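Data first, discussion second: the structure below is written as structure tokens.
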Amino acid sequence: MSNVKILVVDDSSTMRRIIKNTLQKIGFENSVEAENGIDALSKLKAGGFNLILTDWNMPEMDGLTFVKSVRGSDTFKMIPVIMITTEAAKTEVVEALKQGVNDYIVKPFTPEALKAKVTRFISA
Amino acid sequence: MNVDMINSFINATVNALTTMAMLTVTRGSPYIKTTDENEFNRDISAIIGMAGDANGWVAFCLQRQLAVKIAANMLGEEKQEIDADVRDAVGEIVNMIAGGAKGELTQRGFSFKIALPTVVIGDNHELSRVKDFPYIVIPFATEEGNFTVEVCLKTNKI
Numbered sequence: 001m002s003n004v005k006i007l008v009v010d011d012s013s014t015m016r017r018i019i020k021n022t023l024q025k026i027g028f029e030n031s032v033e034a035e036n037g038i039d040a041l042s043k044l045k046a047g048g049f050n051l052i053l054t055d056w057n058m059p060e061m062d063g064l065t066f067v068k069s070v071r072g073s074d075t076f077k078m079i080p081v082i083m084i085t086t087e088a089a090k091t092e093v094v095e096a097l098k099q100g101v102n103d104y105i106v107k108p109f110t111p112e113a114l115k116a117k118v119t120r121f122i123s124a
Numbered sequence: 125m126n127v128d129m130i131n132s133f134i135n136a137t138v139n140a141l142t143t144m145a146m147l148t149v150t151r152g153s154p155y156i157k158t159t160d161e162n163e164f165n166r167d168i169s170a171i172i173g174m175a176g177d178a179n180g181w182v183a184f185c186l187q188r189q190l191a192v193k194i195a196a197n198m199l200g201e202e203k204q205e206i207d208a209d210v211r212d213a214v215g216e217i218v219n220m221i222a223g224g225a226k227g228e229l230t231q232r233g234f235s236f237k238i239a240l241p242t243v244v245i246g247d248n249h250e251l252s253r254v255k256d257f258p259y260i261v262i263p264f265a266t267e268e269g270n271f272t273v274e275v276c277l278k279t280n281k282i
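One line per chain: the protein sequences are A and B, in this order.
Mapping to my numbering: the first sequence position 32 is 32, numbers consecutive.
Mapping to my numbering: the second sequence position 61 is 185, numbers consecutive.
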């Protein structure tokens, strides 16, 4: 079993489960869910995360604000971040990359697309 | 609102439902809604607001059976009735419809923000139009039932 630990951040429980199920199928069993940026920052404190997958539009704290906090943290700034969002406009993608997102997946996505992006940063 | 705009919503709808819910989607002919009466009897609607060069909302309206099937297909689980998962799933689909349309429309020079989705449940509920805004209904068919995507949107660009 892989020791890789992944944080999945999305306000939609459906999307969190789809992402978790896909991760499991490709060998990443250890993923932790968070409902928004605030919840994600709290979950990160447990430590040991190798990758963050985050939505953009969420209540409480959105994905972009969350990524800024991660990149501003000495403890978490080196963790790769993939944004998974419905924000398909190029201007939004550029903005996300500027804020420190390492890669970007537009919803809707196939399991194959998620696998290809995730395995760029980690292996099972 | 012009044909290009409507096509952006059609493309995004087909993409969302074929990719995430594994459904075959066939589009009918869009029409302008002029009365408060529904031609399509709906049980559940997911609505999302837009603000900027395009103002208003887009809604994904469907019947119970199709909503349950969409959630079941998305999650890979058996589902029998509308529950929190079904509400969340249809909300996520309208999110993808709005986001996908925004992606296409941004390339045509539109700039706008999309809000978080709201889900409404009720036998043949009505959606309130924004006064004087064009209201277009796009009917679709799937092997699991019919649905509409309804767009009530005013733009400050041609």
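Don't be surprised by glycine CBs; every beta carbon is placed ideally from N, CA and C.
Given the structure is predicted, the values throughout are model-derived calculations rather than measurements.
Against Met15 of chain A, the close residues of chain B are Glu216, in the order they occur along the chain (beta-carbon pairs closer than 7 Å). Judged by beta-carbon spacing, Asp177 of chain B lies beyond the 7 Å limit of Ala195 of chain B, meaning their Cβ atoms are not closer than that value.
Contact with chain B is found for Ser12 of chain A, since one of that chain's Cβ atoms lies less than 7 Å from the residue's Cβ. Annotation: Ser69 of chain A to Ser169 of chain B spans about 35 Å, alpha carbon to alpha carbon.
Here Glu87 of chain A is buried, its C-beta having at least 16 other C-beta atoms within 10 Å. Here the region 219 to 237 of chain B makes contact with the region 127 to 146 of chain B; the two share three or more CB pairs at distances below 8 Å. Of all residues in the region 172 to 193 of chain B, none comes within less than 8 Å of chain A when Cβ atoms are compared. The DSSP assignment places complete alpha helix (DSSP H) segments of no fewer than 4 residues inside the region 21 to 55 of chain A at 37 to 44, in order along the chain.
In terms of beta-carbon proximity, Ala89 of chain A lines the interface with chain B, with at least one pair separated by less than 7 Å. Taking the CA atoms as reference points, Tyr259 of chain B sits about 20 Å from Ile217 of chain B. Contacts with chain B at 7 Å (Cβ-Cβ) include Thr86 of chain A. Here Thr279 of chain B carries a strand assignment [DSSP, helix/strand/coil]. Rounded to the nearest angstrom, the gap between the Cα atoms of Gly246 of chain B and Gly227 of chain B is 31 Å. For Met198 of chain B, the enclosing alpha helix (DSSP H) begins and ends at 188 to 199.
Judged by DSSP in its simplified three-state form, Thr150 of chain B adopts strand.
When DSSP reads this structure, Ile130 of chain B sits in no beta bridge, so it has no partner. Not flagged as an interface residue toward chain B: Pro111 of chain A, since no C-beta distance is shorter than 7 Å. For Pro108 of chain A, the nearest beta carbon of chain B is closer than 7 Å to its own beta carbon.
Against chain A, the beta carbon of Gly200 of chain B has neighbours under 7 Å at Asn21, listed in chain order. Per DSSP, the continuous alpha helix (DSSP H) segment holding Met220 of chain B begins and ends at 208 to 231. Glu35 of chain A has its alpha-carbon roughly 11 Å from the corresponding atom of Leu41 of chain A. Within the region 53 to 78 of chain A, the residues whose Cβ lies closer than 7 Å to some Cβ of chain B are Asn57, Pro59, listed in chain order.
The closest CA to that of Ile19 of chain A, considering only A:Glu92, A:Ile84, A:Phe121, is found on A:Ile84. The C-beta of Asp10 of chain A has 16 or more other C-beta atoms within 10 Å across all chains shown, which makes the residue buried. Chain-ordered, the chain A residues with CB closer than 8 Å to the CB of Ala195 of chain B read Thr14. Out of B:Arg151, B:Trp181, B:Lys237, the CA that lies nearest to the CA of Ile172 of chain B is found in B:Trp181.
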